[in-house]
Amino acid sequence: PTQLPLMTRLSLLNTVKMFPKRPFSNKGSMFKFSGGKGDFNSKLNQLIENLVSKLPNGNIGAALVAINTAFYLLYLLWPRDIMHKFLNNFTISNYNIGRGRFHTLLFAHFAHMGFLSYLLDSVILYLF
């Protein structure tokens, strides 16, 4: 195999050193990163920690399955004659994004139109 010239290898090493990884801190907050200047998102970290502590065993997967179930029940109970309103608010499309419905980027993950899709997603989210 061909090797890179010495100068190229040294410049690659210097590039890697310029962008060090910030180590994940397991002290205190579960979402805090160590290093850097100050903690600009301490209120957000505190809010997330507070919400996670209220979940059973701190299991975020259980909360995601509950959200998934709520969206699937919403789909099942939605009146069929106005299904286009569900599709406009819970699916991603150029039409929706073009009309400023950016919430569909988040909601589309939880919108399921079939039981198997809902079931598989719920199992994967729970195991997350």
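Taking our numbering, the leading residue of the sequence shown gets 15, the next gets one more, and so forth. Cβ coordinates follow ideal geometry from the N, Cα and C atoms, glycine included. For clarity, every value in this text was computed on a predicted model and none was experimentally measured.
Asked, Found
"Looking only at its own chain, which residues have a Cβ that is under 7 Å from the Cβ of residue 81, when we skip the five neighbours before and after it?", "124"
"Please report how far the alpha carbon of residue 70 lies from the alpha carbon of residue 134, in whole angstroms.", "21 Å"
"For residue 75, which three-state DSSP category applies?", "helix"
"Give the straight-line distance between the Cα atoms of residue 97 and residue 86, rounded to the nearest whole angstrom.", "14 Å"
"What is the rounded straight-line gap between the Cα of residue 120 and the Cα of residue 103?", "10 Å"
"May I have the straight-line CA-CA distance separating residue 59 from residue 108, to the nearest angstrom?", "34 Å"
"Please give me, in chain order, every unbroken run of the alpha helix (DSSP H) with length at least 4 that falls completely inside the segment 51-132.", "56-67, 74-91, 97-104, 108-112 and 118-124"
"Hey, how far is the Cα of residue 84 from the Cα of residue 138?", "16 Å"
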